[in-house]
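Everything below concerns the one structure shown next.
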Amino acid sequence: MLFKKVLVANRGEIASRIIRACRELDIPTVAIYSEEDATSLYVKKADEAYMVGPGPIEGYLNIHRIVDLAKRVGVDAIHPGYGFLAENPRFPLLCERRGITFIGPSSKTIADMGDKIRARKMMKKAGIPVLPGTDEPIKDVEEALKMAKKIGYPIMVKAAGGGGGRGLRVARNPEELKEAIAVAQKESKLAFGVSDVF
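Residues in the sequence shown are numbered from 156 upward in steps of one, following our numbering.
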């Protein structure tokens, strides 16, 4: 058997799919959930399930609580799904230090590709075409408005450290761009701990 028990560090449909795949391989699963996800289908499908926090997002981002739980319940591998911790390079490092296999890319790959601004720079350096946009986080709305005028609308505002559709906004005009930057920064800070957008 590949693993004796896998913790699924995600929620919803992706967690259900990972649990189903593990079941097909006869690997027991552990789900984590917030109070609001307590009655979700993926929680019922897992062999074991543990609450990691009250809020809809915070518990899924607490790497120390999740890895401590994994050690306590005898997990030998963690699957992050996508979004949340799948793009946090500290998570696979902590798993490795605690003797748990991280099912996913290395922390270096996550650091390189998880930071969308860094990934964009790497692609340009490698000669891979990228869409027009900024190569640094948006610090000044006026600068963003100038860039948008140069590129043309619609404009996509994206969280630099994000994924899974969070911190992502479309702006079709200057007023929408101002709002999109503010909303994307706030959502990015809540979901990923950093407010950088580009």
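Note that the Cβ used here is the ideal one computed from N, Cα and C, for glycine as well.
Does the separation of the CB atoms of Val-230 and Leu-286 fall below 8 angstroms? As a working note, residue 230 is residue 75 in the sequence shown. As a working note, residue 286 is residue 131 in the sequence shown. Not closer than 8 angstroms, so no.
Within the continuous beta strand (DSSP E) that includes Ile-336, where are the two ends? Your numbering for residue 336 matches position 181 in the sequence shown. First-last for Ile-336: 329-347, but that is the alpha helix (DSSP H), not the beta strand (DSSP E).
Threshold first: 3 residues or longer. Then list the beta strand (DSSP E) segments lying entirely within the region 171-220, N to C. Segments of the beta strand (DSSP E) lying fully in the region 171-220: 184-189 and 203-208.
Note the first and the last residue of the continuous beta strand (DSSP E) segment covering Ile-233. Working through the sequence shown from its first residue, we reach residue 233 at position 78. Unbroken beta strand (DSSP E) run through Ile-233: 232-234.
Who pairs with Ala-326 in a beta bridge, going by DSSP? To locate residue 326, count along the sequence shown from 1; it is residue 171. Within the DSSP bridge table, the entry for Ala-326 names Ile-310 as partners.
Give me the residue from Gly-320, His-219, Arg-227 and Pro-211 with the minimum Cα distance to Val-185. The count along the sequence shown starts at 1 and reaches residue 185 at position 30. Nearest C-alpha to Val-185: Arg-227.
Taking all protein chains shown into account, do 16 or more other C-beta atoms lie within 10 angstroms of the C-beta of Lys-271, making it buried, or fewer, making it exposed? Looking up residue 271 in the sequence shown gives position 116. It counts as buried.
Can you tell which of Met-277, Arg-253 and His-234 has the C-alpha that lies nearest to the C-alpha of Thr-264? Numbered from its first residue, the sequence shown carries residue 264 at position 109. For Thr-264, the nearest C-alpha among the options comes from Met-277.
Three-state secondary structure (DSSP) of Thr-289: In the sequence shown, residue 289 corresponds to position 134, counting from 1. Correct three-state label for Thr-289: coil.
By Cβ distance below 7 angstroms, which residues in the same chain neighbour Lys-333 in space, the five residues on each side in sequence not counted? For the purposes of this step, residue 333 is identified with residue 178 of the sequence shown, where counting begins at 1. These residues qualify, in order along the chain: Val-296.
Out of curiosity, what's the CA-to-CA distance linking Asp-181 and His-219? Here the question's residue 181 lines up with position 26 in the sequence shown. Here the question's residue 219 lines up with position 64 in the sequence shown. Just so you know, the alpha carbons of Asp-181 and His-219 end up roughly 27 angstroms apart.
Alpha-carbon to alpha-carbon, Gly-236 and Ile-173: As a working note, residue 173 is residue 18 in the sequence shown. As a working note, residue 236 is residue 81 in the sequence shown. Approximately 7 angstroms between the Cα atoms of the pair.
Does the structure place the region 330-344 close enough to the region 299-317 that three or more beta carbon pairs sit under 8 angstroms? The region 299-317 vs the region 330-344: in contact.
At a cut-off of 7 angstroms, would you count Tyr-237 as near the ligand SAM, judging by its Cβ distance to the nearest heavy atom? The ligand SAM is not part of the structure shown, which contains no ligands of any sort.
Taking the alpha-carbon of Leu-323 as reference, which of Pro-309, Ser-189, Leu-248 and Val-352 has the nearest alpha-carbon? In the sequence shown, the residue the question calls residue 323 occupies position 168. When each option's Cα is compared against that of Leu-323, the closest is Val-352.
Met-302 versus Gly-208: straight-line alpha-carbon distance, rounded: Within the sequence shown, residue 302 is the residue found at index 147, counting from 1. Within the sequence shown, residue 208 is the residue found at index 53, counting from 1. Inter-residue distance for Met-302 and Gly-208 is about 40 angstroms (C-alpha atoms, whole angstroms).
With burial defined as no fewer than 16 other Cβ atoms inside 10 Å of the residue's Cβ, what is the status of Ile-187: buried or exposed? The residue given as residue 187 occupies position 32 in the sequence shown. Classification for Ile-187: buried.
How long is the line joining the alpha carbons of Arg-178 and Tyr-197, rounded to whole angstroms? Stepping through the sequence shown from its first residue, residue 178 is reached at position 23. Stepping through the sequence shown from its first residue, residue 197 is reached at position 42. Computed Cα separation, rounded: 12 angstroms.
Between Ser-171, Ile-212 and Lys-159, which has its C-alpha nearest Met-225's C-alpha? In the sequence shown, residue 225 corresponds to position 70, counting from 1. Inspection of the sequence shows that residue 225 is occupied by Ala rather than by Met. Closest option to Ala-225, judged by alpha-carbon separation, among Ser-171, Ile-212 and Lys-159: Lys-159.
Counted within 10 angstroms of its Cβ, other Cβ atoms place Tyr-308 as buried (16 or more) or exposed: Here residue 308 refers to the residue found at position 153 of the sequence shown. Exposed.
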